[in-house]
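**Q** For the sequence shown, the positions run 1 to 105 when UniProt numbering is used.
This is the structure I want to talk about, given as structure tokens.
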Amino acid sequence: MLTPHDLSLKPRGHQVAMAGDDWLSDRDRKAQTRAEAERKKAALTCTRKLQAAAEALNDYLAACNLCNDGSGNERTSLADSRVRLVGDLMEYAGWLDSKYGKAST
């Protein structure tokens with residue numbers, strides 16, 4: 001525990017902890033920039049793969065509908081989880097693209 005004498009020796013009105021952006025080294029800033037660039041690259045890759053997965057699932061659902069044997073969504077329509085999944089995949093791909101796509105830079 002600090003005594004009153006110890007407290008009087010501490011600087012007053014000055015920052016004593018090395019925290020915050022003003023204390024980051026160039027190495028720390030470069031590492032942060034690299035990490036953010038890697039995240040953006042991964043997000044754009046994920047966007048492309050999500051869109052491809054949604055398209056493949058949509059093609060599969062269309063093929064199931066052509067069979068006309070109950071494997072499609074002719075009875076359940078929008079309640080079919082495959083239709084919701086396609087929508088969710090496209091929604092998340094759109095969000096990633098809006099946040100990390102070329103237009104957002």
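All C-beta atoms in this analysis are idealised placements derived from N, C-alpha and C, irrespective of residue type, glycine included.
Model, not experiment: these values are computed from the prediction.
Drop a sphere of 10 angstroms on the beta-carbon of D97, count the other beta-carbons inside from all chains shown, and report buried for 16 or more, exposed for fewer.
**A** Buried is the call here.
**Q** Where does the unbroken alpha helix (DSSP H) through K10 begin, and where does it stop?
**A** Taken as a continuous stretch (DSSP letters only), K10 belongs to no alpha helix (DSSP H), as it is neither H nor E.
**Q** When we look at the beta-carbon of A54 and count the other beta-carbons within 10 Å, is it buried (16 or more) or exposed?
**A** The residue is buried, with at least 16 neighbouring Cβ atoms inside 10 Å.
**Q** DSSP on E36, reduced to helix/strand/coil?
**A** Reduced to three states, the DSSP call for E36 is helix.
**Q** Is A93 closer than 8 Å to L50 when the C-beta atoms are compared?
**A** Contact: yes.
**Q** What are the start and end residues of the alpha helix (DSSP H) that includes R84?
**A** Looking at the DSSP string, the run of the alpha helix (DSSP H) that includes R84 is 81-100.
**Q** Run the CB neighbour count on L89, radius 10 Å, all protein chains shown included, and call it buried at 16 or more, exposed below.
**A** Classification of L89: buried, given that the 10 Å Cβ count is 16 or more.
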